[in-house]
Amino acid sequence: MRNFQGQFANKGGRNSPKMGKAKNTKGTVMRVWNYMGYQKAALTFVIFLVFVTTLLGLLGPYLMGVIIDQYIVPKDLSGTARMCLILIAIYAVTVLLTWLQTFVMVNVALKTIQKIRQDIFEKIQTLSLRFFDVRSQGDLMSRVTNDIDNLNQALTQSVVQIISSALTFIGVTIAMFALDWILAIVTLITVPIMFFVTKKLVAYSGKNFAKRQKDLGELNGFIEEAITGADVTTLYGKEKETVQNFNKINEQLRVSATKADTFSAFIFPSMNFINNLGMGLVIGTGSVMVLNGMTTVGVIAAFINYSRQFSRPLSQFATLMNTIQAAVAGGERVFEIMDEVPEIKNKKDAFVVQNLQGHVALENVSFGYEENKTILKEVSLKARPGETIALVGPTGSGKTTIINLLTRFYDIQQGQIHIDGKNIKEYDMNSLRSKIGVVLQDTYLFAGTIMDNIRYGRLDASDEEVINAAKAASAHSFIKHLPNQYETKIASEGSNLSQGQKQLLAIARAILADADILILDEATSNIDTRTELQIQEGLNNLMRGRTSFVIAHRLKTIEKADQILVIKDGSILEKGNHESLMEDRGFYFDLYTSQFKI
343 MRNFQGQFAN
353 KGGRNSPKMG
363 KAKNTKGTVM
373 RVWNYMGYQK
383 AALTFVIFLV
393 FVTTLLGLLG
403 PYLMGVIIDQ
413 YIVPKDLSGT
423 ARMCLILIAI
433 YAVTVLLTWL
443 QTFVMVNVAL
453 KTIQKIRQDI
463 FEKIQTLSLR
473 FFDVRSQGDL
483 MSRVTNDIDN
493 LNQALTQSVV
503 QIISSALTFI
513 GVTIAMFALD
523 WILAIVTLIT
533 VPIMFFVTKK
543 LVAYSGKNFA
553 KRQKDLGELN
563 GFIEEAITGA
573 DVTTLYGKEK
583 ETVQNFNKIN
593 EQLRVSATKA
603 DTFSAFIFPS
613 MNFINNLGMG
623 LVIGTGSVMV
633 LNGMTTVGVI
643 AAFINYSRQF
653 SRPLSQFATL
663 MNTIQAAVAG
673 GERVFEIMDE
683 VPEIKNKKDA
693 FVVQNLQGHV
703 ALENVSFGYE
713 ENKTILKEVS
723 LKARPGETIA
733 LVGPTGSGKT
743 TIINLLTRFY
753 DIQQGQIHID
763 GKNIKEYDMN
773 SLRSKIGVVL
783 QDTYLFAGTI
793 MDNIRYGRLD
803 ASDEEVINAA
813 KAASAHSFIK
823 HLPNQYETKI
833 ASEGSNLSQG
843 QKQLLAIARA
853 ILADADILIL
863 DEATSNIDTR
873 TELQIQEGLN
883 NLMRGRTSFV
893 IAHRLKTIEK
903 ADQILVIKDG
913 SILEKGNHES
923 LMEDRGFYFD
933 LYTSQFKI
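Just so you know, the sequence shown maps onto residues 343 to 940 in our numbering.
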């Protein structure tokens, strides 16, 4: 149902409000962390490996100091060689464990992203049609792809480094104070400066990262529209204007991306300068202390290495903020979708329908897509089982809106809708919609074979049943002349088929579904007169015994309808069968006769 819902959308001139922006950075981080909690064992193992590699990393500078003071200065060559081999072994083990922790963390990240992507896609499938009315497809695609990819990059690169940096910072601080508290204090002098600079740069660039993600979604939305509507653009010769609009949005993205990346790029050189400043202070102070016999050369050598390790976590953290901010901005956009509350929901213990008789009643129904704009005004109608109800009227009068309400894509603001005597809100939506067959004016075909697309009407149908449905819809005659017949691959949106052929497949799909209530929205509008005559009998057979709602502009096709409702400006202007309405010589009479004027 999801895919044909979108084809009812954007009828009636509804506006698209701007999407709100999430602001809960801490909440976003915690939610991602909760997703990672599904892999506690692997995550615990990664943390253990990080702890071990950090300890081994701290051991290296200490051994260097020992080698200098106890082996190099006394000129103990054999001892120096032995200790160097131990040091090499430690570094080799560190490299091996680092590779292992990276391998495990990549798997943790990918499984986490898989779960997030699965959850957001499942959530999108549950959202009401109104949600899609106010959002571009490109922006939604950007959230499911680009924004989640940013999360993946952050999880793969940043989580291990953040934990490692925190452990290294703590471990180095303890080691430095254990070696020499004076030099340790000298090293710590630069820490407040680092925190101040990092905080300022991160705060400013964070806003720009969020703006960059928003602009990227807008650009993707524009590209998606431009590609989908390429034929219309060419037909009206609007290529130049389209390029100009693209350049405008592209420039908007360039500006926000430049601000985000430029200010975040200041972080590393700023940290590097402060690091070198701190190292200079350590070397200067240490030299004075060595000359005065307050410490040894080995301690100074160890301290220089510890000083680098001490500043590295702060530099890494500052640099990681680029990736983290992009991920948080993307995560906020992803979780904004997950937090959407479906407007249309099943009631508790909703009735799961097995079959419908076809009684349909609308009682004083009023509805508007926007709060202050009413589309339908106190509409009432009754359809008995097996009746054909035709909806006619000018474009934008509310015909498709009635169909949207019968399939419960929206809930009404006033009145009631009953199917087989039950309020439509009492039904389980999926079971109800499975009993309503739909053939739209604009047919959507999926990537796959012709057989697969017809079988979408009933997934458990056999090949024979699919072929019989195609024959009933008069689609078999063109399918059998295709190179691979029913196994013919359908190109993007059915571009390798004519409009009429796509319409025939949609009718075959509806025949296969064998629904109890039918909705035909100009089902033969894209078919030539000869083909229309061929399939009209099939449609009549399909509609026989079923309550059918037919939206028609070619009034010749609904002359035999049991009821014809003439809708204008959201109200039922006239009601009756073809003969009675023609006798009244009202609005329907004018519509009908105007189609035969030359």
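For glycine and all other residues, C-beta sits at the position ideal for the given N, C-alpha and C.
Given the structure is predicted, the values throughout are model-derived calculations rather than measurements.
Within the stretch 491–576, the alpha helix (DSSP H) runs of at least 4 residues that lie entirely inside it are, in chain order, 523–530 and 533–570. In this structure, the beta-carbon distance from Y752 to F693 does not fall below 9 Å.
As computed with DSSP, L718 is found in a beta bridge with F709.
A residue is called buried when at least 16 other Cβ atoms come within 10 angstroms of its Cβ; Q755 does not meet this threshold and is exposed.
For V374, same chain residues with a beta-carbon under 7 Å away, outside a window of 5 residues either side, are L493 and G673 in chain order. In this structure, I646 is the residue among F608, I646 and G640 with its C-alpha nearest to the C-alpha of G626.
Of the residues N617, N614, I679 and D856, the one whose Cα lies closest to the Cα of K465 is I679.
Contact annotation, F519 with A526: C-beta distance approximately 5 Å; criterion of less than 8 Å satisfied. Nearest to E560 by C-alpha distance, out of S819, H760 and D481, is D481. Here N617 is buried: its Cβ has 16 or more other Cβ atoms, across all protein chains shown, within 10 Å. Here D691 is not near K777, since their CB atoms are 9 Å or more apart. Non-local beta-carbon contacts of Q499 in its own chain, meaning distances under 8 Å to residues more than five positions away in sequence, involve L662 and T665 in chain order.
Runs of the beta strand (DSSP E) lying entirely within the stretch 729–811 and spanning at least 3 residues, in chain order: 730–734, 756–761 and 778–781. In this structure, DSSP gives V892 an extended state, which the three-state scheme calls strand. R797 has its alpha-carbon roughly 14 Å from the corresponding atom of Y786. When secondary structure is reduced to three states using DSSP, D856 falls in the coil class, being assigned neither helix nor strand. Nearest C-alpha to L400 among T637, V476 and I512: I512. With at least 16 other beta carbons inside 10 angstroms of its own, T529 counts as buried. Judged by DSSP in its simplified three-state form, F820 adopts helix. A straight-line Cα-Cα distance of about 17 Å links F788 and A803. Within 10 angstroms of the beta-carbon of L854 lie 16 or more other beta-carbons, which makes it buried. About 18 Å separates the Cβ atoms of I849 and G790, ruling out a contact at the 8 Å cut-off. With fewer than 16 other Cβ atoms inside 10 Å of its own Cβ, N706 counts as exposed. Here F608 carries a coil assignment [DSSP, helix/strand/coil]. Looking at the backbone, the Cα of D805 and that of F929 are separated by about 47 Å. A direct Cα-Cα distance of roughly 37 Å separates I490 from I766.
Beta-bridge analysis with DSSP links G622 to no other residue. Relative to the Cα of L862, the nearest Cα in the group N838, R888 and I642 belongs to R888. Residue pairing of A725 in beta bridges, as defined by DSSP: V702. Taking the Cα positions, M613 is about 15 Å away from L623. Check the Cα spacing between R775 and each of A817, V695 and S816: the tightest is with V695. In this structure, the straight-line span from the alpha carbon of S470 to that of G757 is close to 20 Å. For V670, the secondary structure class from DSSP, reduced to helix, strand or coil, is helix. Between the beta-carbon of A703 and that of G779 there is about 20 Å, and that puts the pair past the 8 Å contact cut. Take Q699, set aside five residues on each side of it, and the residues of its chain with a beta-carbon closer than 8 Å to its own are P727, D762 and D858, in chain order.
Going by C-alpha positions, P655 is about 25 Å away from S629.
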